[in-house]
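Residue numbers (our numbering), protein chains in the order written: chain H, 770 to 1041; chain U, 39 to 162.
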Amino acid sequence: MPATKFLFWNIGRKPLAPLVYELAEIHGVDVIILAECATDPGAMLQALNRTPETGYHFPPSLSQRTFVFTRFSREFLQPAFDSPRVSIRRLTLPARAPVLLATVHLPSKLHCSEESQKFECVELARSIEIEERTAGHRRTILVGDFNMNPFETGVVGAAGLHSVMSRRVASRETRTVQGREYRFFYNPMWSHFGDARNDTAGSYYYDAGEHVNYYWNMFDQVLLRPEIAEHFDPTRLSIVTAVGAVSLVRPDGRPDPANGSDHLPILFEVEF
Amino acid sequence: MTAQTDFWGEIVPSQERTPLAILREQAALLGTKTKNLVEATVDTTVTPNAQFIHRFILVVPSLSNYKYELFRIQHGVAIYPIDIPGPLTPQFETELQFVDWLHSKLSSVETKRIVANLLAQATS
């Protein structure tokens, strides 16, 4: 089954087009999703298509929070649902199973209470369910900056995104709570918490200066429905800490906004 | 009972290159020349009187998917003649005539000016 490579990066409104180009080029990325992209899409296209071999397209959407650039023709990525913070598109490649690609940049904790974030997740889950019903399948990839950790109620709760850390659990497809059935997502980002690999223990670092402080957060996530997670290899997902010779992290492993963004990119491959 | 006779004979698709295929080929070439800032697409509709209308459209994805119809052609099921709807309504009886016209249209000063203007807006 052919694999498609995705890159998500919240570039923090910084002029990182050359770095995005390098990253996409080095890893042969098929679909680039950017959040907080202050660079005009036209200027980003020019940067991405610096060499004639690349050929990224910009399939537009009404959602201005995430920009998607793809090596595939625009016709293969059609809009299904758009709201200011959520864009759901149908990715239909020749001779491949169609998938839904949902890209999000959910409200920040700076402007939104934890309770409101939960309700946003409930609304997002509902929008996805509607589009899955319309599309007639549940091969959904949900990616973006959730401004929530994988363990937070909105991301875990059954009426929210209902995402779990185990493919085996997610493969049950649904769970019934109080007589209502809820569909699972698989969240592979759990495996990227902590410093077992290196000093970069998440995708975003924040020293909150209050009683509860995680320091490292995993706001940047990809969630997969079980139908697509069964062909997903978790080792093909990484938090990117360098682009060629340019380090995106400081010596202590934290994101280095001097070179990149305060968020680190995530790179993953999905077979469908 | 006697076997039914097949009056249809063998049916094979016409070997002729269709105007739609020719237009699509040219549409696909524009993006590579503009770093996909200005792309072209062909939109096909069928009229109630069985005429095919192919609209050659320039698209600027980064300008909220701005669309500009560069021209349209029209033909019936016989493919040729091809009409260009408009005040002058030129007509092409053969593929060669159509391709010559298309070449001059796409490489014309007017078309280049339009694409250049769209490119400038896409990057400004």
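Glycine included, each C-beta is placed from N, C-alpha and C at the ideal position.
Alpha carbon of residue i to alpha carbon of residue j, nearest angstrom
| i | j | result |
| --- | --- | --- |
| Val147(U) | Pro957(H) | 54 Å |
| Glu1032(H) | Asn779(H) | Sequence check: residue 1032(H) is His here, not Glu. Approximately 6 Å between the Cα atoms of the pair. |
| Phe775(H) | Leu61(U) | 32 Å |
| Val925(H) | Ser877(H) | 18 Å |
| Asn103(U) | Val1039(H) | 28 Å |
| Gly948(H) | Tyr984(H) | 38 Å |
| Thr85(U) | Phe777(H) | 44 Å |
| Thr98(U) | Asn87(U) | With the sequence shown as reference, residue 98(U) is identified as Val, and Thr is not the correct amino acid for it. The alpha-carbon atoms of Val98(U) and Asn87(U) are separated by roughly 32 Å. |
| Thr149(U) | Met813(H) | 25 Å |
| Phe915(H) | Ser162(U) | 31 Å |
| Val873(H) | Asp968(H) | 27 Å |
| Pro828(H) | Ala849(H) | 12 Å |
| Trp139(U) | Val76(U) | 22 Å |
| Ala59(U) | Leu144(U) | 16 Å |
| Pro787(H) | Val938(H) | 40 Å |
| Gln42(U) | Ile152(U) | 59 Å |
| Trp959(H) | Pro810(H) | 32 Å |
| Thr823(H) | Glu794(H) | 8 Å |
| Asp976(H) | His92(U) | 59 Å |
| Gln847(H) | Glu921(H) | 31 Å |
| Tyr973(H) | Arg1019(H) | 13 Å |
| Glu883(H) | Gln990(H) | 18 Å |
| His931(H) | Leu875(H) | 16 Å |
| Arg854(H) | Ser830(H) | 11 Å |
| Leu1068(H) | Gly1013(H) | Lying before the first or after the last residue shown, residue 1068(H) is absent from chain H, which here runs from 770 to 1041. |
| Ala965(H) | Asp81(U) | 54 Å |
| Ala154(U) | Tyr106(U) | 13 Å |
| Phe841(H) | Leu157(U) | 21 Å |
DSSP state of residue i mapped onto helix, strand, coil
| i | result |
| --- | --- |
| Leu785(H) | coil |
| Pro1024(H) | strand |
| Thr79(U) | strand |
| Val115(U) | coil |
| Ile1008(H) | strand |
| Val925(H) | helix |
| Val944(H) | Here residue 944(H) turns out to be Arg, not Val, going by the sequence shown. Here Arg944(H) sits in strand by DSSP. |
| Gln42(U) | coil |
| Thr70(U) | helix |
| Tyr825(H) | coil |
| Glu107(U) | strand |
| Ala812(H) | helix |
| His1000(H) | coil |
| Glu979(H) | coil |
| Ser885(H) | helix |
| Ser52(U) | coil |
| His796(H) | helix |
| Pro771(H) | coil |
| Asp138(U) | helix |
Own chain partners of residue i with C-beta closer than 6 Å, once the 5 adjacent residues on each side are dropped
| i | result |
| --- | --- |
| Arg936(H) | Tyr955, Ala998 |
| Ser1007(H) | Leu1036 |
| Gly923(H) | Gln886, Lys887, Cys890, Met917, Gly929 |
| Arg862(H) | Looking at the sequence shown, residue 862(H) is not Arg but Leu. If we look at Leu862(H) and ignore the five residues flanking it on each side, its Cβ neighbours are Phe845. |
| Leu108(U) | Phe94, Leu96 |
| Ser100(U) | Ala160 |
| Leu860(H) | Leu846, Val868, Leu870 |
| Val798(H) | Lys774, Leu776 |
Cutoff 7 Å; reference residue i; Cβ partners in own chain excluding five residues on either side
| i | result |
| --- | --- |
| Arg55(U) | Glu133 |
| Thr981(H) | As written in the sequence, residue 981(H) is Val, which differs from the Thr given in the question. Once the five neighbours on either side are set aside, Val981(H) has no close Cβ partner at all. |
| Ser942(H) | Looking at the sequence shown, residue 942(H) is not Ser but Glu. Closer than 7 Å at Cβ, skipping near neighbours: Arg952, Phe953, Pro995. |
| Asp1025(H) | Ser1016, Leu1017, Val1018, Arg1019 |
| Arg782(H) | Glu805, Ala807 |
Close-in-space but distant-in-sequence residues of the same chain around residue i (CB under 8 Å, 5 per side omitted)
| i | result |
| --- | --- |
| Pro119(U) | His113, Gln129, Phe130, Glu131 |
| Met757(H) | Lying before the first or after the last residue shown, residue 757(H) is absent from chain H, which here runs from 770 to 1041. |
| Ala65(U) | Glu77, Ala78, Thr79, Val80, Phe94 |
The ligand NAD heavy atom lying under 6 Å from the CB of residue i
| i | result |
| --- | --- |
| Thr132(U) | For the structure depicted, the ligand NAD is absent and the ligand set is empty, with no information on it obtainable. |
Classification of residue i by the beta-carbon crowding that lies within 10 angstroms, buried from 16 upward
| i | result |
| --- | --- |
| Ile49(U) | exposed |
| His880(H) | exposed |
| His141(U) | exposed |
| Ala1027(H) | exposed |
| Leu792(H) | buried |
| Ser52(U) | exposed |
| Ser940(H) | exposed |
| Thr839(H) | buried |
| Pro125(U) | exposed |
| Thr83(U) | exposed |
| Gly963(H) | exposed |
| Arg1023(H) | buried |
| Ala116(U) | exposed |
| message | Below 8 Å, how does it come out for the segment 814 to 821 of chain H and the segment 59 to 79 of chain U: are there three or more Cβ pairs, yes or no? | response | Touching, yes.
| query | Is it a yes or a no for the segment 833 to 847 of chain H touching the segment 876 to 891 of chain H, going by three-plus beta-carbon pairs under 8 Å? | reply | Not touching, per the Cβ criterion.
| query | Is the number of C-beta pairs between the segment 857 to 872 of chain H and the segment 893 to 909 of chain H that are closer than 8 Å three or more? | reply | When C-beta atoms of the segment 857 to 872 of chain H are compared with those of the segment 893 to 909 of chain H, three or more pairs fall below 8 Å, so the two segments count as touching.
| field | contact_flag[the segment 800 to 813 of chain H, the segment 891 to 901 of chain H] where n(CB pairs < 8 Å) is 3 or more | value | Remark: fewer than three beta-carbon pairs, one from each stretch, lie closer than 8 Å, so the segment 800 to 813 of chain H and the segment 891 to 901 of chain H are not flagged as touching.
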